[in-house]
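Residue numbers (my numbering): 5 to 71.
Here you go:
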(Lines of atoms letter the chains of each structure in order from A and count residues from 1; the text may use other names and numbers.)
(Lines give C-alpha, C1' and ligand atoms only; values in the text may rest on other atoms or scores of the structure.)
Protein backbone atom coordinates (compact mmCIF):
# COMPACT_ATOMS: atom_id res chain seq x y z
CA UNK A 1 0.00 0.00 0.00
CA UNK A 2 1.22 3.49 -0.84
CA UNK A 3 -0.13 6.69 0.70
CA UNK A 4 0.76 10.07 -0.75
CA UNK A 5 -0.34 13.51 0.33
CA UNK A 6 -0.20 16.66 -1.73
CA UNK A 7 -1.59 20.16 -1.22
CA UNK A 8 -5.25 19.25 -1.83
CA UNK A 9 -5.68 15.51 -1.43
CA UNK A 10 -4.48 12.18 -0.10
CA UNK A 11 -3.84 9.39 -2.61
CA UNK A 12 -3.98 5.74 -1.52
CA UNK A 13 -2.88 2.86 -3.74
CA UNK A 14 -3.71 -0.72 -2.76
CA UNK A 15 -3.21 -4.12 -4.34
CA UNK A 16 -5.91 -5.48 -6.65
CA UNK A 17 -6.10 -8.46 -4.27
CA UNK A 18 -8.44 -6.52 -1.99
CA UNK A 19 -12.17 -7.00 -2.61
CA UNK A 20 -13.55 -3.89 -4.33
CA UNK A 21 -16.65 -3.96 -2.08
CA UNK A 22 -14.46 -3.66 1.00
CA UNK A 23 -12.67 -0.71 -0.56
CA UNK A 24 -16.05 0.88 -1.32
CA UNK A 25 -17.08 0.48 2.34
CA UNK A 26 -13.91 2.26 3.43
CA UNK A 27 -14.45 5.01 0.86
CA UNK A 28 -18.05 5.45 2.03
CA UNK A 29 -16.78 5.95 5.57
CA UNK A 30 -14.17 8.47 4.41
CA UNK A 31 -16.84 10.32 2.41
CA UNK A 32 -18.99 10.43 5.55
CA UNK A 33 -16.05 11.88 7.52
CA UNK A 34 -15.47 14.45 4.79
CA UNK A 35 -19.13 15.52 4.66
CA UNK A 36 -19.58 15.71 8.42
CA UNK A 37 -16.26 17.28 9.38
CA UNK A 38 -17.76 20.75 9.66
CA UNK A 39 -21.12 19.79 11.21
CA UNK A 40 -22.09 19.51 14.85
CA UNK A 41 -24.77 16.92 15.62
CA UNK A 42 -25.98 15.58 18.95
CA UNK A 43 -24.58 12.14 19.75
CA UNK A 44 -28.11 10.81 20.30
CA UNK A 45 -29.01 11.64 16.68
CA UNK A 46 -25.86 9.92 15.44
CA UNK A 47 -26.59 6.85 17.58
CA UNK A 48 -30.15 6.63 16.27
CA UNK A 49 -29.01 6.85 12.66
CA UNK A 50 -26.24 4.30 13.23
CA UNK A 51 -28.71 1.84 14.75
CA UNK A 52 -31.08 2.22 11.80
CA UNK A 53 -28.26 1.71 9.30
CA UNK A 54 -26.88 -1.30 11.18
CA UNK A 55 -30.33 -2.91 11.39
CA UNK A 56 -30.89 -2.39 7.67
CA UNK A 57 -27.46 -3.85 6.85
CA UNK A 58 -28.00 -6.85 9.13
CA UNK A 59 -31.38 -7.59 7.56
CA UNK A 60 -29.86 -7.42 4.09
CA UNK A 61 -26.84 -9.57 5.02
CA UNK A 62 -28.42 -12.01 7.47
CA UNK A 63 -27.47 -15.09 5.44
CA UNK A 64 -23.91 -13.88 5.00
CA UNK A 65 -23.27 -13.36 8.70
CA UNK A 66 -25.10 -16.49 9.79
CA UNK A 67 -27.70 -14.91 12.09
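A virtual CB, placed ideally from N, CA and C, is assigned to each residue, including glycine.
Proximity below 8 angstroms, CB of residue i to CB of residue j
i	j	result
residue 24	residue 18	no
Cβ-Cβ separation, residue j to residue i (assumed contact under 8 angstroms), whole Å
i	j	result
residue 16	residue 7	5 angstroms
Bridge partners - residue i, DSSP secondary structure assignment
i	result
residue 6	17
In chain order, which continuous runs of the alpha helix (DSSP H) of length 4 or greater are located wholly inside the stretch 17-66? 24-40 and 47-64
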